[in-house]
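Taken in sequence, the protein lines are chains F and V.
Reading the first sequence from the start, the letters are residues 1 to 256 in our numbering.
Reading the second sequence from the start, the letters are residues 1001 to 1256 in our numbering.
Structure record follows, encoded as structure tokens.
Number of protein chains: 2
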Amino acid sequence: MRIVLIGSGNVATHLGKALQQSGHSIVQIYSRTQANAAELAEQLCATPIIDIAAMDTTANWYIFSVKDDALPPLIEHFPDVKGLVTHTAGSVPMNILSRFRHHGVFYPFQTFSKETAVDFKTIPLLVEGNSDQTTDTLLHLAREISDKAQLASSDQRGQLHIAAVFACNFVNHMYALADDLLKSHQLPFDLLIPLIKETAGKMENISPQLSQTGPASRNDQLIITKHLHSLEDHPHHKELYEILTDSILKKLNLQQ
Amino acid sequence: MRIVLIGSGNVATHLGKALQQSGHSIVQIYSRTQANAAELAEQLCATPIIDIAAMDTTANWYIFSVKDDALPPLIEHFPDVKGLVTHTAGSVPMNILSRFRHHGVFYPFQTFSKETAVDFKTIPLLVEGNSDQTTDTLLHLAREISDKAQLASSDQRGQLHIAAVFACNFVNHMYALADDLLKSHQLPFDLLIPLIKETAGKMENISPQLSQTGPASRNDQLIITKHLHSLEDHPHHKELYEILTDSILKKLNLQQ
């Protein structure tokens, strides 16, 4: 397929590379910023463009991979194209693209950073199309680059995105809060790495309900009280410690 | 060294195996429960005992590895021994063992489950002794089984334990909350695994402050509002979403 990428961020970069490696041609990269368009275009042997009017309207597939709030104005000014038009956003319904005859969603469910190489084969790719034919095409394309391609409705995708906020963004915040505490006692964050890896690694074999450990999970009020006392100098950490301990107690029906 | 393990739980099991593999002899395993003592004793070619009076008082090293609240009565009834006496608890000060001439702490900073094999070499081992000589001995022993042996005071150990509650126990709870949301939309938890691994894996290369992503980190009020609206049917998840989003905004000085 001849593909146009609209966007040059982390998702566009990794997705573009994966599609190219599976034999497709990335013909153009659109970005508002010349330097960004040029940088990714060079990596993918594509033509950088910064003007929507320069869009190749004969491509087979247009992939919008921009920030959610940048989508509506871009879609509005986009030329009428006959090819497939998709976006890669978790929390944006498919029907934002309804002015295009063949449209859908192609959502890679992973957090990307430009520096880190990713193995697309292991990344869940959630697709949705506006017709059975489009859905089939997208599922077929998704299976070319991922072993975990599957259908998901706009509603399911939205819930997945929220689940990811808990399992990724809030988890990272927990790491940051732990780092604060270690720093204030001259201890390196590295000490936590084995624990962090083990906690994440367990999820491949055991459900998070069954793997819950720690003072709250055994309702160890002695330790909980001791910890809260030790957190007197970190009132915000103390407050979160209390809230999350209560939440674990509630989940395990240990609330007193 | 001739070692006696007091306790037969996860820490005792993994620590006993690691010490045996590095050439020490585990001579006795004490547990209140005959079956537990016998099971671990068989694995380590040791003698199981359930009566403190049967304790070998000539061993070189006694390791208490029991629940925190089980420590005081055990210590009280323990025979006077000349060997080294340590515990493995994160949140218990060293001086709980002060009735023994040579005492200290030998704290492996990892979460253990009996089923999963662990590589002790990569686990931080934090030691503290009641004298320079004891500290040296413990550090030497710790280095035999771990590449990450280091000194830590009782105060530092306590803080580490609290940091671990954030980076391990609360993180696991975030996974469980995400699982709730997926289950209620007929989506498998497995979809989150790549994201969970990537989020944890990043910590080896980048600080949690720099790796924070998601709606809160870019102060994306549009998505935050959308997510809160979607969580109407999960009031507890909604409340935590709000609290943790505010906490991230506060941390990044994005609070409005």
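Don't be surprised by glycine CBs; every beta carbon is placed ideally from N, CA and C.
### Task
Give me the Cα-Cα distance between serine 146 of chain F and tyrosine 175 of chain F, rounded to the nearest whole angstrom.
Within the first sequence, the letter at position 146 stands for residue 146 of chain F. Within the first sequence, the letter at position 175 stands for residue 175 of chain F. Between serine 146 of chain F and tyrosine 175 of chain F, the C-alpha separation is close to 29 Å.
#### Entry: Within-8 Å CB hit, cysteine 1168 of chain V to chain F
For this step, residue 1168 of chain V is matched to residue 168 along the second sequence. Judged by the 8 Å Cβ criterion, cysteine 1168 of chain V is in contact with chain F.
### Message
Tell me whether phenylalanine 1166 of chain V, by its Cβ, gets closer than 7 Å to a heavy atom of the ligand GDP.
### Response
The ligand GDP is not part of the structure shown, which contains no ligands of any sort.
#### Entry: Close beta carbons around glycine 1090 of chain V, own chain, < 8 Å, minus the five adjacent residues each side
Numbered from 1 along the second sequence, position 90 holds the residue referred to as residue 1090 of chain V. Here the set comprises Tyr1107, Phe1109, Arg1157, Gly1158, Leu1160, His1161, Ala1164.
### histidine 1087 of chain V - containing beta strand (DSSP E), residue span
The residue given as residue 1087 of chain V occupies position 87 in the second sequence. Unbroken beta strand (DSSP E) run through histidine 1087 of chain V: 1084 to 1087.
### Query
So does the stretch 1040 to 1047 of chain V actually touch the stretch 1008 to 1021 of chain V, counting three or more Cβ pairs closer than 8 Å?
yes
### Query
Quick one: what's got a C-beta closer than 6 Å to threonine 134 of chain F's C-beta in the same chain, skipping five residues either side?
Taking the first sequence and counting its residues from 1, the one referred to as residue 134 of chain F is at position 134. For threonine 134 of chain F, where only same-chain residues beyond five positions count, the Cβ hits under 6 Å are His102, Gly104.
### Per-residue DSSP class, three states only, for glutamine 1186 of chain V
Taking the second sequence and counting its residues from 1, the one referred to as residue 1186 of chain V is at position 186. The three-state reading of DSSP puts glutamine 1186 of chain V in coil, since its state is none of H, G, I, E or B.
#### Entry: Three-pair Cβ contact test at 8 Å for the stretch 217 to 234 of chain F versus the stretch 1060 to 1078 of chain V
Here the stretch 217 to 234 of chain F makes contact with the stretch 1060 to 1078 of chain V; the two share three or more CB pairs at distances below 8 Å.
### Task
Any chance you could list the alpha helix (DSSP H) runs of at least 4 consecutive residues sitting entirely within the stretch 86 to 146 of chain F, in chain order?
132 to 145
### Query
Using CA coordinates, which residue listed in F:Ser207, F:Ile50, F:Ser22 is at the minimum distance from leucine 141 of chain F?
By one-based count along the first sequence, residue 141 of chain F stands at place 141. Considering only alpha carbons, the answer is F:Ser22.
### Task
Sort V:Ile1206, V:Asp1190, V:His1173 by Cα distance to phenylalanine 189 of chain F and report the nearest one.
Within the first sequence, the letter at position 189 stands for residue 189 of chain F. Checked all of V:Ile1206, V:Asp1190, V:His1173; the closest Cα to phenylalanine 189 of chain F is V:Ile1206.
### Message
Going by beta-carbon coordinates alone, are valine 1075 of chain V and leucine 1044 of chain V separated by less than 8 Å?
### Response
For the purposes of this step, residue 1075 of chain V is taken as the residue at position 75 of the second sequence. For the purposes of this step, residue 1044 of chain V is taken as the residue at position 44 of the second sequence. A small correction: the amino acid at residue 1075 of chain V is isoleucine; valine does not occupy that position in the sequence shown. No, they are not a contact pair.
### Neighbour list for isoleucine 1196 of chain V in chain F, Cβ cutoff strictly below 8 Å
Counted from its first residue, the second sequence places residue 1196 of chain V at position 196. Those are Ala167, Cys168, Val171, Ala200, Met203, listed as they occur along chain F.
### Task
Taking 8 Å as the cut-off, decide whether the C-beta atoms of isoleucine 3 of chain F and histidine 24 of chain F are in contact.
Within the first sequence, residue 3 of chain F is the residue found at index 3, counting from 1. Within the first sequence, residue 24 of chain F is the residue found at index 24, counting from 1. Their beta carbons are under 8 Å apart, which means isoleucine 3 of chain F touches histidine 24 of chain F by this criterion.
### Query
Under a CB-based cut-off of 8 Å, is leucine 227 of chain F close to chain V?
The residue labelled residue 227 of chain F in the question sits at position 227 within the first sequence. For the record, residue 227 of chain F in the displayed sequence is histidine; it is not leucine. The beta carbon of histidine 227 of chain F sits closer than 8 Å to some beta carbon of chain V.
### Task
Report back the beta-carbon spacing between leucine 1177 of chain V and leucine 1240 of chain V to the nearest angstrom; my notes put them in contact at under 8 Å.
For this step, residue 1177 of chain V is matched to residue 177 along the second sequence. For this step, residue 1240 of chain V is matched to residue 240 along the second sequence. Sure, about 7 Å apart at Cβ, within 8 Å.
### Message
Taking the beta strand (DSSP E) that isoleucine 26 of chain F belongs to, which residues open and close that run?
### Response
Taking the first sequence and counting its residues from 1, the one referred to as residue 26 of chain F is at position 26. That run of the beta strand (DSSP E) goes 25 to 30.
### Message
Just to confirm my understanding: we take aspartate 1056 of chain V, look at its own chain, exclude 5 residues before and 5 after, and list those with CB closer than 7 Å. What are they?
### Response
Here residue 1056 of chain V refers to the residue found at position 56 of the second sequence. So the list reads Val1004, Val1027, Gln1028, once near-sequence residues are dropped.
#### Entry: As assigned by DSSP and simplified to three states, the class of threonine 47 of chain F
Position 47 of the first sequence, counted from the start, is the residue given in the question as residue 47 of chain F. Three-state DSSP puts threonine 47 of chain F in a strand.
### Query
Taking only beta-carbon atoms, is threonine 992 of chain V less than 8 Å away from chain F?
Chain V is shown only over 1001 to 1256; residue 992 of chain V falls outside these bounds and no answer can be derived.
### 7 Å CB neighbourhood of serine 1211 of chain V in its chain, flanking five on each side removed
Position 211 of the second sequence, counted from the first residue, corresponds to residue 1211 of chain V. Cβ neighbours of serine 1211 of chain V beyond the five flanking positions: Lys1202.
### Query
Could you check where the alpha helix (DSSP H) with glutamine 1156 of chain V kicks off and where it finishes?
Here residue 1156 of chain V corresponds to residue number 156 of the second sequence, with the count starting at 1. Looking at the DSSP string, the run of the alpha helix (DSSP H) that includes glutamine 1156 of chain V is 1154 to 1164.
### Task
Apply the 10 Å Cβ neighbour rule to asparagine 169 of chain F and answer buried if 16 or more other Cβ atoms are within range, or exposed otherwise.
Along the first sequence, one-based indexing puts residue 169 of chain F at 169. Asparagine 169 of chain F is buried by the Cβ-count criterion.
### Message
Buried or exposed for histidine 77 of chain F, going by 16 or more other Cβ atoms inside 10 Å?
### Response
Counting from one through the first sequence, the residue named residue 77 of chain F turns up at place 77. So histidine 77 of chain F counts as exposed.
#### Entry: N- and C-terminal bounds of the alpha helix (DSSP H) containing glutamine 1020 of chain V
For the purposes of this step, residue 1020 of chain V is taken as residue 20 along the second sequence, with counting starting at 1. Unbroken alpha helix (DSSP H) run through glutamine 1020 of chain V: 1010 to 1021.
### For phenylalanine 78 of chain F, the three-state DSSP class (helix, strand or coil)
Residue 78 of chain F sits at position 78 when you count from the first residue of the first sequence. In this structure, phenylalanine 78 of chain F counts as coil in the three-state DSSP scheme.
### Range covered by the alpha helix (DSSP H) that runs through alanine 70 of chain F
Numbered from its first residue, the first sequence carries residue 70 of chain F at position 70. Counting along the chain, alanine 70 of chain F falls outside any alpha helix (DSSP H), and DSSP gives it neither H nor E.
### Task
Please compile the residues from chain V whose C-beta is within a distance smaller than 9 Å of the C-beta of leucine 187 of chain F.
Within the first sequence, numbered from 1, the residue matching residue 187 of chain F stands at position 187. Residues of chain V with a Cβ closer than 9 Å to the Cβ of leucine 187 of chain F are, in chain order, Ala1152, Gln1156, Gln1159, Leu1160, Ala1163.
### Message
Would you say glutamine 212 of chain F lies against chain V (beta-carbon separation less than 8 Å)?
### Response
If you number the first sequence from 1, residue 212 of chain F lands on position 212. Interface annotation, glutamine 212 of chain F: in contact with chain V, CB-CB separation under 8 Å.
### Task
Tell me whether serine 184 of chain F is buried or exposed, calling it buried when 16 or more other Cβ atoms sit within 10 Å of its Cβ.
Numbered from its first residue, the first sequence carries residue 184 of chain F at position 184. By the 10 Å Cβ count, serine 184 of chain F comes out exposed.
### Task
Would you list, in chain order, the members of the stretch 104 to 132 of chain F that have their beta-carbon closer than 7 Å to a beta-carbon of chain V?
Listed by position along the chain: Phe109, Gln110, Thr111, Thr122, Ile123, Pro124.
### Message
8 Å is my cut-off, CB to CB: does proline 215 of chain F come that close to chain V?
### Response
Here the question's residue 215 of chain F lines up with position 215 in the first sequence. Output row for proline 215 of chain F: interface = yes.
### Message
Relative to the C-alpha of asparagine 60 of chain F, which candidate in F:Pro79, F:Ala46, F:Ile52, F:Val85 has its C-alpha closest?
### Response
By one-based count along the first sequence, residue 60 of chain F stands at place 60. Checked all of F:Pro79, F:Ala46, F:Ile52, F:Val85; the closest Cα to asparagine 60 of chain F is F:Val85.
### Message
I'd like the span of the beta strand (DSSP E) that includes glutamine 1150 of chain V, first residue to last.
### Response
What you label residue 1150 of chain V is simply residue 150 of the second sequence in a count that begins at 1. That run of the beta strand (DSSP E) goes 1149 to 1151.
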